[in-house]
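Take any residue in the sequence shown, note its place counting from 1, add 4, and you have its number in this note's numbering. All residues carry an ideal CB built from backbone N, CA and C; glycine is no exception. As the structure is a prediction and not an experimental result, all values here were calculated from the model. Structure first, commentary second.
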Amino acid sequence: MRPPSHPARPLIVALVLVTAGCAGVPAGDPTSTATPLPAGSVDFPDGPKDRPDRPSTLNASTVREYVRTYEYRYAYNSLWIDEYTDVTLDCRVDDVTRRSWGYEAVVTCTGYSNTRIPESATPPTPTPGPHADWFTQTYRYRVSEDTIRRYDAENRDPV
5 MRPPSHPARP
15 LIVALVLVTA
25 GCAGVPAGDP
35 TSTATPLPAG
45 SVDFPDGPKD
55 RPDRPSTLNA
65 STVREYVRTY
75 EYRYAYNSLW
85 IDEYTDVTLD
95 CRVDDVTRRS
105 WGYEAVVTCT
115 GYSNTRIPES
125 ATPPTPTPGP
135 HADWFTQTYR
145 YRVSEDTIRR
155 YDAENRDPV
């Protein structure tokens, strides 16, 4: 004689197989060690402005000034064509947050440039020089003791 079967048994077996590995704890001890920021730097455009010096001490205030200056100079060099270029920029720091690996900051800049045709141009031209816009752009900087990273971020309100 056959033992009575339970209709739920196949469902229980299927449930155990489907959820295998989903329940339980991770192997090993969890550590509180922060994941370091990957090494790297930001490619800096050619132009009259140099990269700012990294602050000797990182804190919210020094990182705020560093990333504002960095983004200002980055945008300035991106808009600059030559010595006849006038660049106008407004930049602000929207946020600075302490992270386990350093600091994260959000910077927004808006600006433009106009390049004049020199009066000594040969042949003289009535055509105005080029105009370039730096529409409102926002970037997220990640700064640690030896690394700086720049990432696109969702644009903020204009400066």
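From the listed residues Leu93, Glu87, Arg102, the smallest Cα separation to Arg72 is found for Leu93. Val67 and Ala136 have their C-alpha atoms spaced approximately 29 Å apart.
Counting only unbroken stretches of 3 or more residues, the beta strand (DSSP E) elements lying wholly within the segment 98–139 are 106–119, in sequence order. Under the DSSP assignment, Tyr80 falls in the alpha helix (DSSP H) whose first and last residues are 64–83. In the DSSP assignment, Arg154 falls within the unbroken beta strand (DSSP E) covering 152–156. Taking a contact as a CB-CB distance under 8 Å, the pair Gly115 and Ala79 counts as one, their CB atoms being some 6 Å apart. Comparing alpha carbon positions, the residue from Pro56, Pro162, Ala64 closest to Arg103 is Ala64.
With 16 or more other CB atoms across the displayed protein chains lying within 10 angstroms of its CB, Glu75 is buried. Residue pairing by DSSP places Arg96 opposite Thr112 in a beta bridge. Within the same chain, Asp98, Val110, Thr112, Thr140, Thr142 come within 8 Å of Arg160 by CB-CB distance, once the 5 residues on both sides are set aside. When the Cα atoms are used, Glu158 and Glu123 turn out to be separated by approximately 42 Å.
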